[in-house]
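Colleague: Protein chains in written order, with the working numbering: chain A, 214 to 412; chain B, 12 to 824.
Glycine included, every Cβ here is placed at the ideal spot set by N, Cα and C.
I have a structure here, written as structure tokens, and I will follow up with some questions on it.
So, in structure tokens, the structure goes:
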């Protein structure tokens, strides 16, 4: 028998069995064994558990993510469930109405999946490769920096700042992303630099 | 937060003012519930709206948006008048006894030194009287009329309960009930905590709102103790971290400063950062500034940063204005002075005020790069969505690149919660499609720019070509590599200054903490306050030991808390000048006679004797400040300022508009309604709903179903006055824009009596736009103005003037 048979499917089959023979003929023990064989495995038993924290507010509730597949093992992993982490001292397993629906945020229909480009005046985005997008950005940065970088003020003091390009940084990226962003932005001399804490 | 979420359980009284934790921070608010249930703590809510936090409070009082300073100064006045002061704390741990210059004063709503033309103060009189010995003059008896305490007493004298009622609209009896409840916490064995959020920050005087409460907490002796503190409930999961790491125009990681043009060289820069103690025998920790700064410069530029070139000081940009903050950039953009703009996980077209100005500004860019997991309004600002984004697409010449990024579930690294805990998290899902980590994108862009400079040369390439980039894969630095870099490591052997034969770290080893930072080039470290987070013992941020000896709420072995894994800032102030806890049942640290020890990492060098070294070691005074000298632009004491749009003029000075030193660009000034303008009679304020997070969760079909549609909240009285039906359509408009919404008519808002006038308040939730799964709607930013706090440029979202009328139907585009 197919062990993936659902519980409802099993009962339907069992019903058909009653018509053909009888439950008694099948034997009580046999039915139990058949039932045992057909109960679906606990869904989360075959998943990979990963500890994370909620990306919304600053309470930073601990969460456990359950995925089919293991990212660490280099597998493709699909997120199938998120719940509160009962070991976490702050939230002790609880989540709010936002955190409780986190899985569906990850799978939001409006998640972006490919780089896109909107040309000046165009009515639509066009897909673009990463290489094209990154080259375009790097070229634009270099040209704008070379054209507008201010090396010294009127008094001759080196000021080395670049004001015609700006960078608005995030509110939920990791510290590590923040530090790499800091290095990148500062080394180029960009001063129009801000993050979500401003608002 | 000075304290942590889990510490809130230790309090006796929670004051929620300027926030709504039950809805915006639900799982953190559970610690309030815990304190109520286990300790019998009380909860006070002061808010324009009867929020869900208010619904579980012990006492609620309404307040007009934008009048908080009056309420807070009223409380301080009441505490002084009724002797509800933790005197020993005030005398020993605040600057109450310090003498202030004779020239300092206050009249007509302004402090001495105001220059109307410059919209700025000459702050030279806002300072202490200094003795010839270089130390501040004091009067420990508090008799001298020029001591801070007596100046404060005079300053708050006007804020009587009747004055509070007149300006805030809070009935005097309610104010007095609250004052009495708070006054009980002046006892050394009673503690109050302040929980606030954007209800206090999003004002043109937001920083002074917070100072007002901080001063009250100092007067009650509630800073540094368990269950006390000033607890900013930050709005996002890692704006604490982004701020710590200095992703702001004028910051360097760990709250160091980007130089200004006036600091033409390293010596000049360092000369104002000596932080010499101004009381005898004090430790002034910022005296280590050069160690943090040099180690940062070494982290950035490695061998190219040398003593000879002042540690590559000139690789840093120098500012000609206080900051190129976001609102200044949008102003410049609107004048065609910005060409390229990046939005990394940020949706400014809805997050910044004055939507019309935002759209205009972005339309003048040559290139907009949006990095985001979601299809945001910002990346689609050029797309016409009828009334919800009424733009002429063809005329917008901005080139837009929309780059798909990962979200939390697919990323690894640390976020910093409100309580300063750096918590590591791991990736558990594969990114969708071609979505990439932000680190990969930043590295790819940066290495390409570097390549162009290598190939072509160009203007001042040095800071780019010499930037340290020693990652195993230069195209994708790993989270652990970046975290180690922030922690810092030894570049040469680091010795113990007390015992030069003792090695603290060998070259190449991770540093154990910022005490090992040096200013001779022998150490590097990207963010000194994070030092200790990734040591030779490994990743401290990934620790998951949730034991909590004696249930103090400290959880010292869970993750890592900056600085130095300390859970409560200023915790030495939890003890009296003999080093014994004010409240033995709430001990956190204590002086054993030889050293400091306890449940937390002492906020004091462990052998510094109490009574000799005062607990506020980050200040050269050694004490906290009831009078903040010239450190804030708008005054050493908080004083009442009306919002830039208000129903009444400032009672102290009818000519004064908003915050007299807030920056106002001309284009924004022209967009303001007059004070008391009959066309805009209602006060509006923005707020969050518990079912939504900003503009993100409308992309989630579950949350979009829970709260599908934009609405505004009004009182039954206003509905009756304007003929607005429950659930009816309304139009709300300000001097800058208009929105259409459903009307939610509730008892949660009530008209107020302000200076003899009836004033209605309209609540405007902030979760809708034109992208995602929810119905299309508007944000409050279609109505608000781009003027921010005078010190930090946080926009005034919480108090502005509008009008409302029934709308027969929404116009069809």
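(1) At what residue ranges does the segment 488-543 of chain B contain a whole run of the beta strand (DSSP E), taking only runs of 3 or more?
(2) Would you list the residues sitting across from residue 341(B) in a DSSP beta bridge?
(3) For residue 66(B) and residue 72(B), I'd like the C-alpha separation in whole angstroms.
(4) Helix, strand or coil for residue 196(A)? Go by DSSP, reduced to three states.
(5) Restricting to Cα atoms, I'd like to know which of 47(B), 60(B), 52(B) is closest to residue 758(B).
(6) Suppose only complete runs of 4+ residues qualify. What are the alpha helix (DSSP H) ranges in the segment 250-318 of chain A, listed by chain order?
(7) For chain A, find out if any of its Cβ atoms is closer than 8 angstroms to the Cβ of residue 496(B); answer yes or no.
(8) For residue 106(B) versus residue 624(B), is the C-beta distance shorter than 8 angstroms?
(9) Report yes if the CB atom of residue 382(A) is closer than 8 angstroms to the CB atom of residue 408(A), and no otherwise.
(10) Answer yes or no: do residue 762(B) and residue 722(B) have a C-beta to C-beta separation smaller than 8 angstroms?
(11) Check whether the segment 639-649 of chain B and the segment 214-233 of chain B touch, using three or more Cβ-Cβ pairs below 8 angstroms as the test.
(12) How would you list, in chain order, the residues of chain A whose beta-carbon sits under 7 angstroms from the beta-carbon of residue 654(B)?
(13) Quick one: grab the DSSP three-state call for residue 401(A).
(14) Between residue 252(B) and residue 394(A), what straight-line distance do the alpha-carbon atoms span, to the nearest angstrom?
(15) Report the residue from 334(A), 367(A), 370(A), 298(A) whose alpha carbon sits nearest the alpha carbon of residue 377(B).
(16) Along the chain, where does the alpha helix (DSSP H) that runs through residue 678(B) open and close?
(17) Tell me which same chain residues have a C-beta within less than 7 angstroms of the C-beta of residue 245(B), skipping the five on either side of it?
(18) Residues in its own chain within less than 8 angstroms of residue 320(A) by CB, not counting five upstream and five downstream?
(19) Can you list, in chain order, the stretches of the alpha helix (DSSP H) that have 4 or more residues and sit fully within the segment 150-205 of chain B?
(20) Output the boundary residues of the beta strand (DSSP E) element that contains residue 751(B).
(21) Between residue 371(B) and residue 345(B), what straight-line distance do the alpha-carbon atoms span, to the nearest angstrom?
(22) Using the beta-carbon of each residue, which ones in chain A are nearer than 8 angstroms to residue 410(B)?
(23) Quick check on residue 135(B): buried or exposed, where buried means 16 or more other Cβ atoms within 10 Å of its Cβ?
(24) Taking the C-alpha atoms as reference points, what is the distance between residue 27(B) and residue 53(B)?
(25) Would you call residue 255(A) buried or exposed, if buried means 16 or more other Cβ atoms sit within 10 Å of its Cβ?
(26) With DSSP collapsed to three states, give me the class of residue 225(B).
(27) Looking only at C-alpha atoms, which of 70(B), 328(B), 605(B), 282(B) sits nearest to residue 363(A)?
(28) Rounding to the nearest angstrom, what Cα-Cα distance links residue 266(A) and residue 275(A) in this structure?
(29) Could you confirm whether any beta carbon from chain A is found closer than 8 angstroms to the beta carbon of residue 628(B)?
(30) Give the secondary structure of residue 38(B) by DSSP, where H, G and I count as helix, E and B as strand, and everything else as coil.
(31) Which one or two residues does DSSP pair with residue 602(B) in a beta bridge?
(32) So does the segment 405-417 of chain B actually touch the segment 463-481 of chain B, counting three or more Cβ pairs closer than 8 angstroms?
(33) Could you check whether the Cβ of residue 407(B) sits closer than 8 angstroms to any Cβ belonging to chain A?
(34) Does the CB of residue 239(A) have a neighbour CB from chain B at under 8 angstroms?
(35) Are the C-beta of residue 412(A) and some C-beta of chain B separated by less than 8 angstroms?
(36) Report buried or exposed for residue 200(B), applying the criterion of at least 16 other Cβ atoms within 10 angstroms of its Cβ.
Modeller: The relevant details are as follows:
(1) 505-507, 510-516
(2) Partner(s): none; residue 341(B) has no beta bridge.
(3) 11 angstroms
(4) Any answer about residue 196(A) is impossible in this case: the structure gives chain A only from 214 up to 412.
(5) 60(B)
(6) none
(7) yes
(8) no
(9) yes
(10) no
(11) yes
(12) None at all; the shortest Cβ gap to chain A is about 16 angstroms.
(13) helix
(14) 13 angstroms
(15) 334(A)
(16) 677-680
(17) 251, 429
(18) 292
(19) 159-167, 172-179, 183-194
(20) 749-757
(21) 6 angstroms
(22) 330, 331, 332, 333
(23) exposed
(24) 11 angstroms
(25) exposed
(26) helix
(27) 328(B)
(28) 5 angstroms
(29) no
(30) helix
(31) 607(B)
(32) no
(33) yes
(34) The predicted model places residue 239(A) with a pLDDT of 47, which falls under 50 and marks its position as unreliable, so this point remains unresolved.
(35) yes
(36) exposed
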